[in-house]
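These protein sequences, in sequence, are chains A and B.
Just so you know, full-length UniProt numbering puts 98 at position 98 of the first sequence, and the rest follows in order with no gaps.
Just so you know, full-length UniProt numbering puts 5 at position 5 of the second sequence, and the rest follows in order with no gaps.
Glycine included, every Cβ here is placed at the ideal spot set by N, Cα and C.
Fair warning: this is a prediction, and the values are worked out from it, not measured in the lab.
One structure is given below, encoded as structure tokens.
Protein chains: 2
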Amino acid sequence: MTEASKDAVDAIIDQWHAVRPDLETTPMAVFGRIYRIARTVGDAVERAYAPYGISRGEFDVVATLRRSGAPYTLSPRQLSATLMLTTGGMTGRLDKLEKAGLLFRTPDPHDRRGLRVTITDRGLALIDEAVAAGLEVQRAALKGLGEEEVAVLGGLLRKLTADVQGA
Amino acid sequence: MTEASKDAVDAIIDQWHAVRPDLETTPMAVFGRIYRIARTVGDAVERAYAPYGISRGEFDVVATLRRSGAPYTLSPRQLSATLMLTTGGMTGRLDKLEKAGLLFRTPDPHDRRGLRVTITDRGLALIDEAVAAGLEVQRAALKGLGEEEVAVLGGLLRKLTADVQGA
DNA sequence: GACAAGTAGCTTACTCCTAAGCTACTTTTC
DNA sequence: GAAAAGTAGCTTAGGAGTAAGCTACTTGTC
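Right, dumping it as structure tokens:
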């Protein structure tokens, strides 16, 4: 028994077994923990971005522009599709980030319906620091796992991600 | 090479390598996928609960009462602590669920500040069906993994959950 | 080349959450 | 046993998202 004492997800599964012994609860051991990790680490990352004055959602917008490479320009449509956000939600994020001086909107020269969103120098400098801070938090969360365990975990999650698409 | 072609997370990591080759992006391969799986499977589970007229958050409230066992009674405080929700958020969920006839509030006989929340027969019957529907969706998401892979994944996630607590 | 269909981004109404503050009650401290 | 501190649940204000619908523009079809 290499395991420590039962955790919160184990307790939930035990409770279900007590009241509904017929339920096959295996998926809870995987997805219950995935939900919790996503939330806990997501919150920690949010705190890591806070000193830079941006939320996690706003980070995602600027980071998407940053990693797209020079000239760091995408359309609102591309951004909302990439970030799985409605166009209304993207309008709000762009408004906030434009006001904060991290990006700006210009008309698309080839399509008068469209806009082009470009990162500013200030946005680029900020995101280059913030991305490192966020990675540091996530690296710390992985510190209890060995290098091989991280590789195995990543591989299984990759396989699961593929199965889950279109679910 | 047992892997299929690159997925969305691989593409993001490649983009970062191109513009910031100094970044050590290993954590993205784990947490990027955890965020995506949580969202995709969470949305699918939400759709599985929809025929029962409840959201995922509302399911969690009734399910917490259900798995607590007879007499299926907890305080709003216990519920909001378990579900990591503010008391204001819990008030709203209880209002909706009480109006829907899935639970009811009674005064706590031992503490006149407090309330006791109890599931109704209708709530119990509904949750017993909904929990099976939700598990079915999650089991389907795991179908591409073998039994042993699911066990290994669950074990690694369990270890990661422990490290992540208090992050 | 006119007209239907499609697309881009924004606005509005609504939902659900949090943070902060409230009242009422209980527990601790002296 | 009175005062101080703590706790339970609710209310309010504000933030951020979705869904639906708008205008403006572009594309496809005949």
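At 7 Å on the CB atoms, spell out the chain A contacts of residue i, in chain order.
i, result
"B/Y52", "The contacting residues do not exist; B/Y52 stays about 16 Å from chain A at best."
"B/P27", "L135, Q138, R139 and L142"
"B/I119", "Residues of chain A passing the Cβ test: none, with the nearest at roughly 11 Å."
Mark residue i as exposed unless 16 or more other C-beta atoms lie within 10 angstroms of its C-beta, in which case mark it buried.
i, result
"B/Q165", "exposed"
"A/S5", "exposed"
"A/T161", "buried"
"A/T64", "buried"
"B/M84", "exposed"
"B/E129", "exposed"
"B/P27", "buried"
"B/K143", "exposed"
"B/R66", "buried"
"A/H17", "exposed"
"B/R33", "buried"
"B/G154", "buried"
"B/A11", "exposed"
"B/P76", "buried"
"A/E58", "buried"
"B/G53", "exposed"
"B/A141", "buried"
"B/G89", "exposed"
"B/M1", "Unreliable placement is indicated for B/M1, whose pLDDT of 49 sits below 50; the coordinate value is still reported in the next sentence. So B/M1 ends up on the exposed side."
"A/K99", "exposed"
Taking 7 Å as the cut-off, is the beta-carbon of residue i closer than that to any non-hydrogen atom of the ligand ADP?
i, result
"A/R36", "Of the ligands one can find in the structure shown there are none, so the ligand ADP has no counterpart to examine."
Hey, is residue i's beta-carbon within less than 8 Å of any beta-carbon in chain A?
i, result
"B/F31", "yes"
"B/S55", "no"
"B/G154", "yes"
"B/G89", "no"
"B/E129", "no"
"B/T86", "no"
"B/A18", "yes"
"B/M1", "Low confidence applies to B/M1: its pLDDT is 49, below 50, so where it sits in the model is not reliable, and the reading given next is rough at best. Chain A contact via Cβ: absent."
"B/Q78", "no"
Less than 8 Å between CB atoms is the rule here; does residue i satisfy it with respect to chain B?
i, result
"A/D60", "no"
"A/S68", "yes"
"A/R36", "yes"
"A/T73", "no"
"A/L23", "yes"
"A/L145", "yes"
Could you work out which residues of chain B lie near residue i, taking near to mean beta carbons separated by less than 7 Å?
i, result
"A/A125", "Neighbours of A/A125 on chain B: none; closest Cβ ~13 Å, over 7 Å."
"A/L83", "Those within 7 Å of A/L83 in chain B number zero; the least Cβ separation is about 11 Å."
Going by DSSP, name the residue or residues bridged to residue i.
i, result
"B/L103", "B/I119"
"A/L74", "A/V117"
So which residues on chain A does residue i lean against when the C-beta distance must stay under 9 Å?
i, result
"B/D7", "R158, T161, A162 and Q165"
Using the beta-carbon of each residue, which ones in chain A are nearer than 8 Å to residue i?
i, result
"B/Q15", "R67, S68 and G69"
"B/G42", "Y35"
"B/E149", "L156 and K159"
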